[in-house]
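Take the sequence shown: its position 230, counting from 1, is numbered 229 in numbering that gives the first Met the number 0, and each next residue is one higher. Ideal Cβ placement from N, Cα and C applies to all residues, glycine included. Model, not experiment: these values are computed from the prediction.
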Amino acid sequence: MWSQLAEIPLTKALGWGSFVLFFGSIVTYLRRMQVVTSLTSTKVEKLLFTKEKRLFVNLIQYLLQTLFAVMTFCIFTLLFYEYGTNNSAVLMFISVAVISYLMLIYISLTDENFLDRKLKRGTTALISVIILFVHILCLFMIIPGYFAVVLLNESDTTNINLIEDLWMLFLGIVLFLMFISGVLVLFTRHTSKLLFDKFNRFLDEYFYITEKDTSTKWFIYHPIDNDYILLGNKEVPDNAIIYRTVERKKILEEKIYMLKVPKKPESTIEFNI
Numbered sequence: 000m001w002s003q004l005a006e007i008p009l010t011k012a013l014g015w016g017s018f019v020l021f022f023g024s025i026v027t028y029l030r031r032m033q034v035v036t037s038l039t040s041t042k043v044e045k046l047l048f049t050k051e052k053r054l055f056v057n058l059i060q061y062l063l064q065t066l067f068a069v070m071t072f073c074i075f076t077l078l079f080y081e082y083g084t085n086n087s088a089v090l091m092f093i094s095v096a097v098i099s100y101l102m103l104i105y106i107s108l109t110d111e112n113f114l115d116r117k118l119k120r121g122t123t124a125l126i127s128v129i130i131l132f133v134h135i136l137c138l139f140m141i142i143p144g145y146f147a148v149v150l151l152n153e154s155d156t157t158n159i160n161l162i163e164d165l166w167m168l169f170l171g172i173v174l175f176l177m178f179i180s181g182v183l184v185l186f187t188r189h190t191s192k193l194l195f196d197k198f199n200r201f202l203d204e205y206f207y208i209t210e211k212d213t214s215t216k217w218f219i220y221h222p223i224d225n226d227y228i229l230l231g232n233k234e235v236p237d238n239a240i241i242y243r244t245v246e247r248k249k250i251l252e253e254k255i256y257m258l259k260v261p262k263k264p265e266s267t268i269e270f271n272i
């Protein structure tokens, strides 16, 4: 296997040392960016991230989800190939995925749907989560099922043991699956967000500090560099008429409050963090 990998033109041109240096540089960069700390940060911590670090965290989350999707595709493909599947099963996966998606869209975009009128909010949310799980499961079974059908058909017409030689196709399959997985992850995230917004009691949440002398609320927007944070006198930056910048360390010395705005017209909820 390794001898065949060594015959790849890119490997010959760059050499194994270049790959070691490349991956070593990536590992060093990830350690410097404190990936684990960034991914497990609270909302307040992420609020104080620079725009570049927020983008980096979102990108890492997306890449990890895509990698997990690729691994899921590969596992399902091997399972379907080992235990058998057919075109009818693939069509069933497609049908269930489409029907469940339409159900999720109906639940997410209607304020008073059939389930809302007949069931309690918690029961409706539970049913919606189950439908979402079934939708994601079937969605991520379509491509593996199709691959397994193709491999099974090929195994009937050739004498090649595809399980033993599947690694030879692994690189090409993974590159294709990475693209498909990336699209499906974006699609799934969008569907999940619609459902979350449906059952979330709040429109949005904001963080602010108070001025000691006047009790004026200064809402925290985002860092403008590594040392200073932009604040304003309104929840949304575009609505503010007064802006100010404060050193990051001074904000961390203050009490930070969270303001939650509910969907229904009632008093807002404030928390001391």
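Distance between beta carbons of residue j and residue i, contact taken as under 8 Å
i: leucine 131; j: leucine 194; result: 6 Å
i: leucine 230; j: arginine 243; result: 5 Å
i: alanine 147; j: phenylalanine 72; result: The Cβ separation is near 11 Å, so there is no contact.
i: isoleucine 223; j: glutamate 253; result: About 18 Å separates the two Cβ atoms, so there is no contact after all.
i: methionine 177; j: valine 69; result: 6 Å
i: threonine 187; j: leucine 138; result: 7 Å
i: leucine 46; j: phenylalanine 206; result: 6 Å
Residues bridged to residue i [DSSP beta-bridge criterion]
i: tyrosine 242; result: Gly231
Residue span of the beta strand (DSSP E) that contains residue i, given as start and end
i: leucine 103; result: Run containing leucine 103: none in the beta strand (DSSP E); it sits in the alpha helix (DSSP H), 86-108.
i: leucine 258; result: 256-261
Spatially closest choice to residue i from the options, by CA coordinates
i: isoleucine 240; options: Leu138, Trp217, Ile142 and Phe175; result: Trp217
i: tyrosine 145; options: Ala68, Ile93 and Met257; result: Ile93
i: proline 143; options: Lys119, Glu81 and His189; result: Glu81
i: valine 43; options: Lys263, Met257, Ile129 and Pro261; result: Met257
i: isoleucine 141; options: Leu54, Thr123, Val97 and Glu253; result: Val97
i: proline 281; options: Pro236, Phe201 and Leu183; result: In the structure as shown, the chain starts at 0 and stops at 272, and residue 281 therefore has no counterpart that could be examined.
i: phenylalanine 48; options: His221, Lys259 and Thr215; result: His221
i: valine 245; options: Glu210, Asp237 and Lys263; result: Glu210
i: aspartate 115; options: Thr41, Phe198, Ile129 and Glu234; result: Phe198
i: isoleucine 106; options: Asp196, Lys248, Ser214 and Asp212; result: Asp196
i: isoleucine 104; options: Leu54, Thr190 and Thr215; result: Thr190
i: histidine 134; options: Thr122, Glu111 and Leu101; result: Leu101
i: aspartate 203; options: Asp212, Val182, Val235 and Phe175; result: Val235
i: threonine 215; options: Lys233, Tyr227 and Asn225; result: Lys233
Boundaries of the alpha helix (DSSP H) in which residue i is found, first to last residue
i: glycine 114; result: One point to set straight first is that residue 114 is leucine, not glycine, in the sequence displayed. Counting along the chain, the alpha helix (DSSP H) containing leucine 114 begins and ends at 113-117.
i: glutamate 253; result: That residue, glutamate 253, is in no alpha helix (DSSP H); it is neither H nor E in DSSP.
i: phenylalanine 67; result: 50-82
i: leucine 47; result: Where leucine 47 is concerned, there is no enclosing alpha helix (DSSP H), given that its DSSP letter is neither H nor E.
Self-check item: Start-end ranges of the beta strand (DSSP E) lying completely within the region 189-229, minimum 3 residues
Solution: 201-209 and 216-222
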